[in-house]
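One structure is given here, and the rest of the page talks about it.
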Amino acid sequence: MKRKFALILLGLSAFSLANAQKKPIDHSVYDAWKSISRPQISKSGNLIIYSVTPQEGDALGMLKNDKNQTLIQIPRGSELTLTDDEKNLISLIKAPFQDVRQAKIKKKKPDEMPKDSLLVFNLSNSSSKKFAQVKSFKTARKGNEYVAFLNETIVPKAQDTTKSKNSAKKEKPTPTLTVMNLRSGDTSNILKADTYDWSDDGKFLVYSIKGPEKDSLNESGLFIMDMANKTKKKISNGKGNYKNIQFDDATKQLSFLADKTPEKSLLKEFKLYYYTPSQDTAFILADRNSTGIPENWFVSGDGRLTFSKSGKRLFFGLAPIPRVKDTTLVEFEHAKVDIWHWQDDYLQPMQLVNLKRDQSRNYTALINLQGNRNIMPLSDETYNRISLTGDADNEWAMATSDKGYRIESQWEGGMRSDIYAISTVSGKNKLVTKSNSGYASLAPNGDYIIYFNRSNGNWYSYNIASEKTVQLNDGLQVSFVDEENDVPAAPGPYGIAGWSKDGKAIYINDRYDVWKISLDGKSKSNITNGLGRKNQMVYRIQELVKNDDPRVQYTMVDEGKPVFLSGFNKIDKNQGLYKLGKKDISKLWSGPYTYRMLSADDKINKVIYTKEDYQNSPNLYLLADFKNETKLSDINPQQADYNWGTAELVHWTTPKGYKSEGILYKPEDFDPNKKYPIIAYFYETLSDGLYTYQPPAPTPSRLNIPYFVSNGYLVFAPDIRYETGYPGKSAEEFINSGMHYLARNNNWVDFTKMGIQGQSWGGYQVAHLITRTNMYAAAWSGAPVVNMTSAYGGIRWGSGMSRQFQYENTQSRIGKPLWEARDLYIENSPLFFMDKVNTPVAIMHNDNDGAVPWYQGIEFFTALRRLNKRVWLLNYNGDDHNLIQRQNRKDIQIREAQFFDHFLKGKPAANWIKKGVKATEKGIDWGLEVD
């Protein structure tokens, strides 16, 4: 017995020693922490490509086989592309991070910056070829024989012997299109190339040549190269902007847009060109003078060109001819003023934010290529969206119009629309429904329009031919809208899961299950047999093999083949993959992990995915025959050297009797005999992320959970449910009760050292809580609203939208306009209760905040300063609502740690906390030192 006890003690000592030797995470570790990006498995399943990307630094491209053997590692590899026959791998090689950094420090011009390279790796003989100074590369979607890439070369000129060596100028590089034969390795160069593109089958390469300003040799134009015999042909002459090069599916027709006006022309006038191999050159198919184009309209250079699948139709964009500025006016003699008008469709700030989008807005038209090639406009300024079927050969298109509803979006948030069916034969329209507050989709066969009505929570189907509407969910005793909706606006749907292969049925999600409903509404079945709702498992159709047909832009469900489902257990948060049977659902795998980036080979014999939980970084795995799992990567082995942490689900009952849950994060070396400071981090609901990995990273402003946990803090992330009109009290109900529960039931929680941290909506809740309780020893509030009365009339400068909709309908959850609920706006505005605050609080609010006007942070700070309360305000100059600039993200991590360490651990205050940083010291002293 003594021997066994001694062995137990020895084992515990070894465990304690191992943990004691692990160091806490510090701020130096962030850059090297890595992630997986763009994993792909080949169609055969024999090859896997992916990139390992550090937060800052050079990525590593990887090619492995299905035996987990590394075939090639590509330092700085990017945009890894495997040819369709799996014989060649092509990758950009980005310029070294440090070289780019040094060039930025030296303020190099764009043409002096380090350039990328290109690698072509032949899998059959493991040989590589590299090419320098590469800007871009392209391969044909179904071609295997060639790669084309745009690079820069120095073309030697004949030497002028009359000039001295010192007078020689550095030659400018010439844009060069290089075409490489992947089988032979041979290359050919095309000088002065500009744009280029392949036909899908790789049989033709189209490229433009941009000659000198005085093109005396007539070099400029658009060319087509027949790759079978390497012959090239000039199909459009002249210098210009050639764009949107499109082949039809059979590679027998070509269309493109070209603007050949002078470079300095303020009005760019594009024309639509058309070419077939039987022609000597491309001819103009449409311009501003063509019959069918409305007066004062022209061909838009921003329109998308689309051939129908049959090749009989060509769709393009039209737009009103814009007014141009009078360049003869003296700019400083004329006012610069924005005119806000109460009857404008959109607020002036919104117009300014969307200016480029509106300037490029265009409206769909079509040309029937057989017959007289008449032009038929299908859309105009009435419609804001038009949708075609993937084939684009069907008669009917769908259009939506928000005209007449735009002003009210200021306070409603969402936009109502009228929905139409438009004939591509006659141009006539049919009204499907008016003032719909949901969204709509055109069925794949173009015979029905499916729409969701948010006002009543129902799905509808409109038969275009019969003009009859049926309610698809009629008679079904289940809700298809968000059952947990807690904002004033009507709940939204769980969405469309896919369409049947024959296009005659739609798959729609409810909260847990998936339904198959015929478009005529006569057939309805729950394909998951209600097992989701019965077991509180959220089932969703999982597309393992992505359809590579560009005409199929939706999930197509073929029940003649295996149908796979993802499954998420709402009780224990486990996740897995399942296979749908006729009467049951079989589990392929499930566990306490989060799975992402799932894809499979064509036969679905091998599946790749990333797998993670809080303790394990998201590495890439290969599963063969749904049995044998192989770990393909180990991206963050350094984590083993650090004191990490654990995540567990906590359940409690709030004072009003609500059942709630949250995540509690503990240090890996947690000792129940010690007392720990605790920080609550919150937003709305976070518990579904129990098995989500949280890398140590300089966050945009959220709490850096792994850093604090590694450094001896507990972190608690409670879920919050809201009552309309009382968002502040709702935060109290859930956050405070959750923290009280932990403190009362666990001696290792130091209830005298509790902090709170939140960003944006979380920042508002932080501000509210400290006006209602003194239980927190420190608070950090990022980009908060503190005065709903002034914020109600504010602008979200990032979008230009009024903020009114947030209070009346969405996140801020008041549910009424200001003048109908003054008391609620004041009750939920922390500003009016700042005299109650005793908690030291740090505020971050930046002067380029595009979501919450930064004067909210100023109101917060100046109120507490006036009351002689302990408060700090950080304004990261020019940064956004959530920090964008990495140097600012790094800085705030240091300051948050110093702040909480001082108030929750008693460490000495950094100088910025103790005495601030004067404007005269800005850029010299950051106040991070401790005197």
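FYI, this note's numbering numbers position 892 of the sequence shown as 1202, with every residue one higher than the one before it.
For each residue, glycine too, the CB sits at the ideal point set by N, CA and C.
Who are the Cβ neighbours of asparagine 684 in its own chain at under 8 Å, not counting the five residues just before and after it?
Counting from 1 along the sequence shown, the entry for residue 684 is found at position 374. Excluding five sequence positions before and after asparagine 684, the CB atoms of its chain that fall closer than 8 Å to its own CB belong to Thr601, Gly602, Ile677, Asn678, given in chain order.
Kindly indicate which three-state DSSP category serine 764 falls into: helix, strand or coil?
Taking the sequence shown and counting its residues from 1, one reaches residue 764 at position 454. A quick correction: the sequence has arginine, not serine, at residue 764. The answer is coil: DSSP assigns arginine 764 none of H, G, I, E or B.
What is the rounded straight-line gap between the Cα of glutamine 1195 and the Cα of isoleucine 1080?
Position 885 of the sequence shown, counting from 1, holds the residue named residue 1195. Position 770 of the sequence shown, counting from 1, holds the residue named residue 1080. In this structure, the alpha-carbon of glutamine 1195 lies about 29 Å from that of isoleucine 1080.
Rounded Cβ spacing between aspartate 701 and lysine 619 (contact assumed at less than 8 Å):
To locate residue 701, count along the sequence shown from 1; it is residue 391. To locate residue 619, count along the sequence shown from 1; it is residue 309. Correct: roughly 4 Å between the Cβ atoms.
Residue range of the unbroken alpha helix (DSSP H) whose run includes asparagine 1055
Translated into the one-based positions of the sequence shown, residue 1055 becomes position 745. For asparagine 1055, the uninterrupted alpha helix (DSSP H) run begins and ends at 1047 to 1055, by DSSP.
Can you find at least 3 beta carbon pairs, one from the stretch 835 to 852 and one from the stretch 813 to 824, that sit closer than 8 Å?
Yes: at least three Cβ pairs fall under 8 Å.
Determine, using beta-carbon pairs with one atom in the stretch 714 to 728 and one in the stretch 632 to 639, whether at least three such pairs fall under 8 Å.
These segments do not touch.
Is the CB-CB distance between tyrosine 993 and proline 1006 below 8 Å?
Within the sequence shown, the letter at position 683 stands for residue 993. Within the sequence shown, the letter at position 696 stands for residue 1006. Contact: no.
Under the criterion of a Cβ to heavy atom distance below 7 Å, does asparagine 664 qualify as lining the ligand HEM?
In terms of ligand content, the structure shown is empty, and the ligand HEM therefore cannot be addressed.
Which residues bound the alpha helix (DSSP H) around glutamine 412?
As a working mapping, residue 412 is identified with position 102 in the sequence shown. Per DSSP, glutamine 412 belongs to the alpha helix (DSSP H) from 407 to 415.
Please state if the CB of aspartate 923 and the CB of threonine 904 are separated by a distance shorter than 8 Å.
Numbered from 1 along the sequence shown, position 594 holds the residue referred to as residue 904. Numbered from 1 along the sequence shown, position 613 holds the residue referred to as residue 923. A contact, by the Cβ cut-off of 8 Å.
Measuring only between beta-carbons, confirm whether glutamine 365 sits less than 8 Å from chain D.
The displayed structure is made up of one protein chain only, and chain D is not part of it.
Would you mind reading off the limits of the alpha helix (DSSP H) that contains tryptophan 1182?
In the sequence shown, counting from the first residue as 1, residue 1182 sits at position 872. Unbroken run through tryptophan 1182 is the beta strand (DSSP E), 1181 to 1184; no alpha helix (DSSP H).
Rounded distance between the beta-carbons of tryptophan 769 and isoleucine 818, thought under 8 Å:
Along the sequence shown, one-based indexing puts residue 818 at 508. Along the sequence shown, one-based indexing puts residue 769 at 459. Under the criterion of beta carbons closer than 8 Å, isoleucine 818 and tryptophan 769 qualify as touching, at roughly 6 Å.
My understanding is that aspartate 998 touches lysine 921, with C-beta atoms under 8 Å, so please give their C-beta distance in whole angstroms.
The residue given as residue 998 occupies position 688 in the sequence shown. The residue given as residue 921 occupies position 611 in the sequence shown. About 17 Å separates the CB atoms of aspartate 998 and lysine 921; that is not less than 8 Å, and the two are not in contact.
Going by DSSP in three states, phenylalanine 936 sits in which element: helix, strand or coil?
Working through the sequence shown from its first residue, we reach residue 936 at position 626. Correct three-state label for phenylalanine 936: coil.
I'd like to check one pair, aspartate 1190 with aspartate 1159: are the Cβ atoms closer than 8 Å?
As a first step, residue 1159 is located in the sequence shown; it is residue number 849 there, counting from the start. As a first step, residue 1190 is located in the sequence shown; it is residue number 880 there, counting from the start. Their beta carbons are under 8 Å apart, which means aspartate 1159 touches aspartate 1190 by this criterion.
How big is the Cα-Cα spacing for arginine 1199 and lysine 549?
Position 889 of the sequence shown, counted from the start, is the residue given in the question as residue 1199. Position 239 of the sequence shown, counted from the start, is the residue given in the question as residue 549. In this structure, the straight-line span from the alpha carbon of arginine 1199 to that of lysine 549 is close to 46 Å.
Report buried or exposed for phenylalanine 514, applying the criterion of at least 16 other Cβ atoms within 10 angstroms of its Cβ.
Numbered from 1 along the sequence shown, position 204 holds the residue referred to as residue 514. Buried is the call here.
Cβ shell of proline 406 (< 8 Å), same chain only, five flanking positions each side left out
On the sequence shown, position 96 is the one that residue 406 refers to. So the qualifying residues of the chain are Asp368, Arg386, Pro424.
Based on the DSSP secondary-structure assignment, which residues constitute the bridge partners of isoleucine 895?
Within the sequence shown, numbered from 1, the residue matching residue 895 stands at position 585. The partner list for isoleucine 895 (beta bridge, DSSP) reads Leu890.
So, at 6 Å on beta carbons, what are the nonlocal neighbours of proline 442 in its own chain, with the 5 sequence-adjacent residues on each side left out?
Within the sequence shown, numbered from 1, the residue matching residue 442 stands at position 132. For the record, residue 442 in the displayed sequence is alanine; it is not proline. Contacts found: Ser427.
Per DSSP, glycine 627 is paired with what?
In the sequence shown, the residue the question calls residue 627 occupies position 317. The partner list for glycine 627 (beta bridge, DSSP) reads Thr674.
If you compare alpha carbons, which of Glu853, Ser494, Arg1054 is closest to alanine 807?
By one-based count along the sequence shown, residue 807 stands at place 497. It is Glu853 whose Cα lies nearest to the Cα of alanine 807.
Through-space distance from phenylalanine 608 to asparagine 599, alpha-carbon basis:
Residue 599 sits at position 289 when you count from the first residue of the sequence shown. Residue 608 sits at position 298 when you count from the first residue of the sequence shown. So the two alpha carbons sit approximately 8 Å from each other.
Excluding the five sequence neighbours on either side, which residues of its own chain have a C-beta within less than 7 Å of the C-beta of lysine 1228, listed in chain order?
Taking the sequence shown and counting its residues from 1, one reaches residue 1228 at position 918. Within the same chain, lysine 1228 has no close Cβ partners at all.
DSSP beta-bridge partners for serine 697?
Indexing the sequence shown from 1 puts residue 697 at position 387. Looking at the DSSP assignment, serine 697 forms a beta bridge with Met708.
Out of Ile545, Gln331, Ser347, Lys332, which one is the CA nearest neighbour of isoleucine 918?
Numbered from its first residue, the sequence shown carries residue 918 at position 608. Comparing Cα positions, the closest option is Ser347.
Rounded to whole angstroms, what is the Cα-Cα separation between leucine 688 and asparagine 356?
For the purposes of this step, residue 688 is identified with residue 378 of the sequence shown, where counting begins at 1. For the purposes of this step, residue 356 is identified with residue 46 of the sequence shown, where counting begins at 1. Near 47 Å, if we compare the C-alpha coordinates of asparagine 356 and leucine 688.
Pairs of beta-carbons, one from the stretch 580 to 587 and one from the stretch 560 to 572, closer than 8 Å: are there three or more?
Touching, per the Cβ criterion.
Can you tell me whether DSSP reads leucine 1024 as helix, strand or coil?
As a position in the sequence shown, residue 1024 is number 714, starting the count at 1. In this structure, leucine 1024 counts as strand in the three-state DSSP scheme.
List, from N- to C-terminal side, the beta strand (DSSP E) runs of 3 residues or more that fit wholly inside the stretch 786 to 822.
Uninterrupted beta strand (DSSP E) stretches at least 3 residues long and entirely within the stretch 786 to 822 occur at 806 to 810, 815 to 819, given in chain order.
Given 8 Å, three or more beta-carbon pairs between the stretch 1091 to 1099 and the stretch 639 to 657:
Taking a cut-off of 8 Å on C-beta distances, the stretch 1091 to 1099 does not touch the stretch 639 to 657, as fewer than three cross pairs fall below it.
Among residues of its own chain, excluding the 5 on either side of glutamine 1116, which ones have a beta-carbon nearer than 6 Å to its beta-carbon?
For the purposes of this step, residue 1116 is taken as residue 806 along the sequence shown, with counting starting at 1. Excluding residues within five positions, the ones whose Cβ falls inside 6 Å are Ser1122.
Are phenylalanine 617 and glutamine 556 touching if we call contact CB-CB under 8 Å?
By 1-based counting over the sequence shown, the position of residue 617 is 307. By 1-based counting over the sequence shown, the position of residue 556 is 246. Cβ atoms of phenylalanine 617 and glutamine 556: closer than 8 Å.
Touching or not, the stretch 1127 to 1136 and the stretch 1160 to 1169, by the rule of three or more beta carbon pairs under 8 Å?
Flag = no, the stretch 1127 to 1136 and the stretch 1160 to 1169 do not touch.
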